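Under this note's numbering, the sequence shown has 226 at position 226, and the numbering climbs by one with no breaks. Where is the CB? At the ideal position from N, CA and C, for every residue including glycine. Remember, it's a predicted structure, so these values are computed and weren't measured experimentally. These notes are about the structure you will find just below.
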Amino acid sequence: MPIGQALRTGFTLLLLWLTLGLAQAQTVLPVPPLTGHVIDTTGTLSGEQRAALDAKLTALEHDKGSQVVVLMVPSTQPEDIAAYANRVGNIWKIGRKAVGDGLLIVVAKDDHRVRIEVAKTLEGAVPDIAASHIIDNAMVPFFRHGDYAAGLSAGIDQVAARIRGEPLPPVATPNHTGATNGVDWVNVLVFLFIAFPVASALARSLFGQRLGAVVTGVGVGGLALL
1 MPIGQALRTG FTLLLLWLTL GLAQAQTVLP VPPLTGHVID TTGTLSGEQR AALDAKLTAL
61 EHDKGSQVVV LMVPSTQPED IAAYANRVGN IWKIGRKAVG DGLLIVVAKD DHRVRIEVAK
121 TLEGAVPDIA ASHIIDNAMV PFFRHGDYAA GLSAGIDQVA ARIRGEPLPP VATPNHTGAT
181 NGVDWVNVLV FLFIAFPVAS ALARSLFGQR LGAVVTGVGV GGLALL
């Protein structure tokens, strides 16, 4: 085969490969925005069911800091569920940034596939073998009967139990620097501004000009030390 023809054939094959790759990239399932702990794009879960699952995951995040998110989609095709879950995890970046303690549960309803994607810090708490056990024994039996809420609840319970048993960095508490031990100093200052002239006039009428000024000063000084 002449060199020119070989180059043209190679260029055509490369162009075809790039075109197919671009077409595939354009048809992959988009990642939905992260709007909460439970995201159901299939419309399977009722509002009440989503709220119940969200309450469990919110409590876990409050207690341990770890963020667990559930995503239900009809299908992950043309990707397999592992690739899709990994892509979602990379985009959402769930979990504490400095800790890396996020966990993602993906359910592809029409594909009959489930995936638990675990961030690095939680790999000890939920290793692959444990994730498979949770899926096969806690979740799938409910899914087979169409009870996705119960299956997700059972899976969340087992995941949460493992995370709660993991020695993770403590949850950051709000910084209350400058707290005033419950004293509202604005109200105190307003009270002094109103009361001082009255107290001063009363003290001077009772004790005289000089002694009244001294008494008033002592009273104000005492309040300042409280």
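DSSP lists Met72 as the bridge partner or partners of Asp40.
A distance below 8 Å between beta-carbons, with the five flanking residues on each side excluded, links Val171 to the following residues of its chain, in chain order: His62, Asp63, Lys64, Gly65. Straight through space, the alpha carbons of Pro127 and Ile163 are spaced by roughly 11 Å. Annotated as proximal: Ile105 and Ile116, with beta-carbon spacing under 9 Å. Looking at the DSSP output, Gly124 bridges to nothing.
Going by DSSP, Gly151 is part of the alpha helix (DSSP H) stretching over 148-164.
Annotation: Val88 is outside any beta strand (DSSP E); the continuous alpha helix (DSSP H) that includes it extends over 81-92. Excluding five sequence positions before and after Ala138, the CB atoms of its chain that fall closer than 8 Å to its own CB belong to Gly151, Ala154, Gly155, Asp157, Gln158, given in chain order. Of Glu166, Pro30, Ala149, Gly43, the smallest CA-CA separation from Ala85 is found for Pro30.
In the DSSP assignment, Gly102 falls within the unbroken beta strand (DSSP E) covering 102-108. Burial is judged here by how many other beta carbons sit within 10 angstroms of a residue's own beta carbon; Thr173 has fewer than 16 and is exposed. Between the alpha carbons of Gly146 and Leu122 lies a distance of about 29 Å. For Gly47, the closest of Gly89, Leu168, Ala149 by C-alpha to C-alpha distance is Ala149. Shown here, Arg96 sits in coil according to DSSP, grouped into three states, outside any helix or strand.
A straight-line Cα-Cα distance of about 5 Å links Val107 and Met72. CA-to-CA, the gap between Val118 and Arg87 works out to about 13 Å. Just so you know, the alpha carbons of Gln77 and Gly36 end up roughly 24 Å apart.
Per DSSP, reduced to three states, the secondary structure at Val114 is strand. Residue range 47-64 is occupied by the alpha helix (DSSP H) that includes Gly47. Annotation for Val140: the continuous alpha helix (DSSP H) segment containing it runs 140-144. Taking C-alpha positions only, Asp110 is separated from Ala83 by approximately 17 Å. A residue is called buried once 16 or more other Cβ atoms fall within 10 Å of its Cβ, and Ala131 is buried on that count.
At the C-beta level, Leu57 and Val38 come within 9 Å of one another.
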